[in-house]
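Only one structure is covered here, and it is reproduced in the block below.
There are 2 protein chains.
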Amino acid sequence: MPRDAVITYSIKELASDFMVTARTLRHYEEQGLLSPGRQGQNRVYTIKDRARLSWILRGKRVGFSLTEIGDMLDLYNLGDGRETQVAVTKKLCRDRIDALQRQMKDIKDTIEELEGFCEEVDSLVKKKNGEWIIDG
Amino acid sequence: MPRDAVITYSIKELASDFMVTARTLRHYEEQGLLSPGRQGQNRVYTIKDRARLSWILRGKRVGFSLTEIGDMLDLYNLGDGRETQVAVTKKLCRDRIDALQRQMKDIKDTIEELEGFCEEVDSLVKKKNGEWIIDG
DNA sequence: TTTCGAATTGACGTTAACGTCAACGTTAAG
DNA sequence: CTTAACGTTGACGTTAACGTCAATTCGAAA
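Structure below.
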């Protein structure tokens with residue numbers, strides 16, 4: 158019987174929802190990336206924490222370090238009415254975007270090279286068909 | 158007065174050409190990614206080593222580990238007339254490509270989110286112009 | 001009440017990709 | 001000959017991002 162109708166999650170729930178371990182969530186908290194509430198001694202995660210975690214994990218997938226992700230999350234806390242360093246913020250954003258675009262190009266090139274390599278293998282197989290040994 | 162007209166590079170030359178340290182090249186050799194010739198005790202790198210190094214570094218840029226890069230380089234040593242596991246090879250290639258394409262999507266999404274964020278900041282600045290403090 | 005499951009806080013272990021340092025050999029110049 | 005620049009091989013240090021384990025605590029179920 159919930160006192161308030163606020164949806165929350167235990168550490169294990171949130172962890173398994175995102176396919177990470179509880180240790181990971183605690184680690185993110187140690188690094189200041191998450192700051193869930195407490196219910197006594199236990200951590201309680203809200204929908205906002207879910208959103209943050211989602212961001213963190215995508216940041217990771219695209220190659221950011223936790224520190225960088227922390228910086229980016231801080232940027233999201235702009236607009237809170239306090240005086241903020243907008244110029245710095247925008248520069249960080251732009252730098253990120255530039256880096257990501259360079260990374261995309263690198264990946265594109267690599268994909269093309271890999272595809273070319275696949276074709277090479279294909280033609281080799283067609284040419285020397287029968288001479289190749291394909292086993293485990 | 159070169160005995161042979163083969164272009165070679167010292168470890169420092171190759172390193173500075175690619176903006177890495179000599180230690181890095183030795184490390185790659187320890188991991189079996191490079192295997193330069195020797196001139197007495199010293200390493201001599203050829204144009205082929207340059208090509209391999211170039212591959213290695215792009216692999217790194219797109220987020221591969223050295224071990225993975227080693228595997229990929231091994232794939233390039235196909236077609237040497239020996240019996241080879243073509244099916245396995247092609248699967249590895251395809252897996253790589255798939256992973257890279259997923260990574261591209263992630264990056265694209267992130268770029269879009271960052272751009273959206275930038276615009277948010279812009280509009281905030283326009284709206285509350287004057288109230289923001291932009292200093293160092 | 002005992003026991004179980006799920007949580008907590010330390011605190012040390014691990015892997016990857018080098019950095020860094022020590023101790024040493026080899027030319028080439030002054 | 002001495003110094004300098006460049007090379008070599010160990011071998012230990014470092015950072016990041018957790019893994020892993022021990023010792024506890026707490027609330028609920030049997």
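Chains as they are written, first to last, in this note's numbering: chain H, 158 to 293; chain E, 158 to 293. Even for Gly, the Cβ is constructed at its ideal location relative to N, Cα and C.
DSSP on residue i, reduced to helix/strand/coil?
i: residue 294/E; result: Any property of residue 294/E remains undetermined from this structure, which presents chain E solely from 158 to 293.
i: residue 219/H; result: coil
i: residue 163/H; result: coil
i: residue 278/H; result: helix
i: residue 175/E; result: coil
i: residue 264/E; result: helix
Give the residues of chain E in contact with residue i, contact being defined as C-beta atoms less than 7 Å apart.
i: residue 247/H; result: 275 and 278
i: residue 220/H; result: 220
Give the interface partners of residue i over in chain H, defined as CB-CB distance under 7 Å, in chain order.
i: residue 271/E; result: 250, 253 and 254
On a Cα-Cα basis, can you pick out the residue from the options that is closest to residue i?
i: residue 270/E; options: 233/H, 169/H, 182/H and 181/H; result: 233/H
i: residue 246/H; options: 176/E, 174/E, 278/E and 169/E; result: 278/E
i: residue 267/H; options: 215/E, 263/E and 165/E; result: 215/E
i: residue 206/H; options: 167/H, 217/H and 244/H; result: 167/H
i: residue 275/E; options: 251/H, 260/H and 259/H; result: 251/H
i: residue 212/H; options: 175/H, 165/H and 184/H; result: 175/H
i: residue 208/E; options: 171/E, 273/E and 179/E; result: 171/E
i: residue 178/E; options: 244/E, 210/E and 165/E; result: 210/E
So which residues of chain E does residue i contact, with C-beta pairs closer than 9 Å?
i: residue 215/H; result: 263, 266, 267 and 270
Is residue i near the ligand ATP, going by C-beta to nearest heavy atom under 6 Å?
i: residue 229/E; result: Annotation note on the ligand ATP: not contained in the displayed structure, which lists no ligands.
ask   = In the segment 252-267 of chain E, which residues sit with their C-beta less than 8 Å from some C-beta in chain H, listed in chain order?
value = Within the segment 252-267 of chain E, the residues whose Cβ lies closer than 8 Å to some Cβ of chain H are 253, 254, 257, 258, 260, 261, 263, 264, 265, 266 and 267, listed in chain order.
message = Pairs of beta-carbons, one from the segment 222-232 of chain H and one from the segment 176-189 of chain H, closer than 8 Å: are there three or more?
response = Touching, yes, given that three or more Cβ pairs across the two stretches are closer than 8 Å.
query = When the Cβ atoms of the segment 194-201 of chain E are set against those of the segment 210-224 of chain E, are three or more pairs found closer than 8 Å?
reply = no
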